[in-house]
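Asks:
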Amino acid sequence: MDEFWVDINGKNDQFWSHEWNKHGTCMSTIAPDCLPEGSKTGLDAASYFQLATDAFKSLPTYEFLASAGIEPDETKTHTLEELTSAIKEAHGFVPALDCKKGALNAISYYFNLQGTVMNGSLVAFDAPKAGSCPKNGIKYLPKTN
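Here it is in structure tokens:
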């Protein structure tokens, strides 16, 4: 997770705690019948984070955009349609794009879990609502540390 799912402010532990509390707990269960008998306490959390990391690794967004000729740039702008179409072409589904100060800030992909967190699979679907990016004038800035 230190490589594939890091916080933009460097506060990984806080970020992962937030993600577990917001998203992971809905995959958990008070009566863990979906876990193999004798499973260690917390295995549902480990499975959630493994599933989330695997999902992230399967979504090379930079490559999705680059395959459509969209590269990070300090000044060039794009339309929301250009960005979402490029991702849909590669991924098959439309994510939600969020912007901050006119620049692409976050991309949210949506999945349903089919089965359990231990042995299920993620099924992608189009974002249920648009993100905060405007229809045009979106900057796709180079990544900074």
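Reading the sequence shown from the start, the letters are residues 306 to 450 in the working numbering. Yeah, the Cβ is synthetic: ideal placement off N, Cα and C, and Gly gets one too. On a predicted model such as this, the values are computed, not experimentally measured, just so you know.
Under 8 Å by Cβ, that's how I've got residue 391 and residue 369 pegged, so tell me the actual separation to the nearest angstrom.
Replies: 6 Å
Asks: Would you report the Cα separation of residue 522 and residue 443, rounded to the nearest angstrom?
Replies: This structure cannot settle anything about residue 522, because the visible part of the chain is limited to 306 through 450.
Asks: What does the alpha-carbon distance come out to for the pair residue 395 and residue 383?
Replies: 18 Å
Asks: One question on the structure: do residue 386 and residue 375 come within less than 9 Å of each other, judged by their Cβ atoms?
Replies: no
Asks: Report yes if the CB atom of residue 436 is closer than 9 Å to the CB atom of residue 408, and no otherwise.
Replies: no
Asks: Identify, in the order they occur along the chain, each residue of the same chain with its Cβ nearer than 7 Å to the Cβ of residue 428, setting aside the five sequence neighbours on each side.
Replies: 416, 417, 419
Asks: Would you report the Cα separation of residue 350 and residue 422, rounded to the nearest angstrom?
Replies: 9 Å
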